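Note sheet for the following structure.
Chains as they are written, first to last, in the UniProt record's numbering: chain A, 1 to 140; chain B, 1 to 133.
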């Protein structure tokens with residue numbers, strides 16, 4: 001099992017859409033210590049980095065790809081970027097699809113870039129997330 | 001009114017193990033390097049480290065606290081340059097965030113964010129773009 005350039009372009013859709021709840025948004029805001037009132041109440045929007053949580057459903061599929069053979073406990077997050085079209089809101093039903101955009105190998109370390117598209121289940125674009133992760137295949 | 005050069009009010013946070021466990025639960029990221037010393041060491045890390053996404057979430061608070069509505073954030077990106085090591089004690093790790101408006105073009109302000117744990121920059125190229133009215 002290894003990673004190579006032929007895997008660029010592989011896409012992984014989250015198995016199920018993510019139904020955003022206002023209590024989940026509040027829980028997340030509390031966990032990042034952010035008391036901003038925008039993240040609370042009936043019209044709550046989600047903190048910006050909550051977008052990563054929605055994308056993680058698609059990342060899970062990528063991690064499940066046996067041909068890649070990645071392990072979560074060997075992954076370190078290298079870089080992350082978000083482009084927002086509009087904030088995620090309580091009540092949104094969000095679909096996530098992750099696509100591998102680049103791979104690079106340096107010995108036992110594999111650097112993988114992937115882009116995650118977040119849209120509502122009706123197809124309205126919400127945000128794009130670009131992630132770089134390093135995976136270390138070596139046993140310590 | 002020119003916003004370029006404006007320094008945003010800084011923010012200092014403390015991360016303890018319990019904060020990492022709480023973030024793991026809220027985010028669903030249960031990677032053991034964020035709570036298990038043995039697993040962190042096995043990966044060659046200096047200790048249990050904070051979720052990069054938690055550091056990233058905290059850093060942007062400097063920006064979203066400054067703008068009236070967090071919905072005006074258009075873009076936000078960081079590189080995780082150094083891990084934030086969170087010791088298993090009551091003191092935890094302290095990270096200080098500061099930010100400065102670099103430039104404003106066509107109603108969009110580009111803001112550079114700095115994140116320091118002690119003397120070490122833990123985020124690189126941290127930049128947010130916000131709509132300004």
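Positions of the beta carbon are idealized from the N, C-alpha and C atoms, including for glycine. Model, not experiment: these values are computed from the prediction.
Compare the C-beta of residue i against all C-beta atoms of chain B and say whether one is closer than 8 Å.
i: residue 54 of chain A; result: no
Quick check: residue i and residue j, are their CB atoms within less than 8 Å of each other?
i: residue 123 of chain B; j: residue 79 of chain B; result: yes
i: residue 99 of chain B; j: residue 62 of chain B; result: yes
i: residue 35 of chain A; j: residue 129 of chain A; result: no
i: residue 114 of chain A; j: residue 62 of chain A; result: yes
i: residue 48 of chain A; j: residue 23 of chain B; result: no
i: residue 55 of chain B; j: residue 86 of chain B; result: no
i: residue 48 of chain B; j: residue 131 of chain B; result: no
Check the Cβ-Cβ distances between residue i and every residue of chain A, and say whether any is below 8 Å.
i: residue 104 of chain B; result: no
i: residue 28 of chain B; result: yes
i: residue 120 of chain B; result: no
i: residue 46 of chain B; result: no
i: residue 9 of chain B; result: no
i: residue 61 of chain B; result: yes
i: residue 113 of chain B; result: no
Determine the chain A residues that contact residue i at a beta-carbon separation under 9 Å, and present them in chain order.
i: residue 64 of chain B; result: 34, 36, 38, 47, 48
Determine the chain A residues that contact residue i at a beta-carbon separation under 8 Å, and present them in chain order.
i: residue 43 of chain B; result: 73, 74, 76, 136, 140
i: residue 33 of chain B; result: 73, 76
Note down, in chain order, every chain B residue with its Cβ under 7 Å from the Cβ of residue i.
i: residue 27 of chain A; result: 26
Starting from the beta carbon of residue i, find every residue of chain B whose beta carbon is closer than 9 Å, and list them in chain order.
i: residue 31 of chain A; result: 19, 22, 23, 24, 25, 26, 27, 54, 57
Counting contacts by CB-CB distance shorter than 8 Å, is residue i in contact with chain E?
i: residue 117 of chain A; result: In the structure shown, chain E cannot be found, because the protein chains are A and B.
task: With 8 Å as the C-beta to C-beta threshold (strictly closer), list the residues of the region 65-89 of chain A near chain B in chain order.
output: For the region 65-89 of chain A, which is checked against every Cβ of chain B, the residues closer than 8 Å are 72, 73, 74, 75, 76, 77, 78, 79, 80, 81, 82, 83, 84, 86, 87.
- prompt: When the Cβ atoms of the region 14-23 of chain A are set against those of the region 36-50 of chain B, are three or more pairs found closer than 8 Å?
  reply: no
query: Between the region 120-129 of chain A and the region 17-33 of chain B, are three or more C-beta pairs nearer than 8 Å?
result: Here the region 120-129 of chain A makes no contact with the region 17-33 of chain B; the two share fewer than three CB pairs at distances below 8 Å.
- request: Could you tell me whether the region 102-114 of chain B touches the region 48-66 of chain B, where touching means 3 or more Cβ pairs closer than 8 Å?
  value: yes
- request: Give the residues from the region 66-93 of chain B that approach chain A closer than 7 Å (Cβ to any Cβ), ordered along the chain.
  value: 69, 70, 71, 73, 74, 75, 76, 77, 78, 79, 80
task: Would you check if there are 3 or more beta carbon pairs closer than 8 Å linking the region 130-140 of chain A to the region 71-87 of chain A?
output: yes
- prompt: Would you call the region 93-105 of chain A and the region 2-15 of chain A in contact, with 3 or more CB pairs under 8 Å?
  reply: yes
query: Using 8 Å as the threshold, is the region 7-14 of chain B in touch with the region 100-110 of chain A, meaning 3 or more CB pairs across them?
result: no
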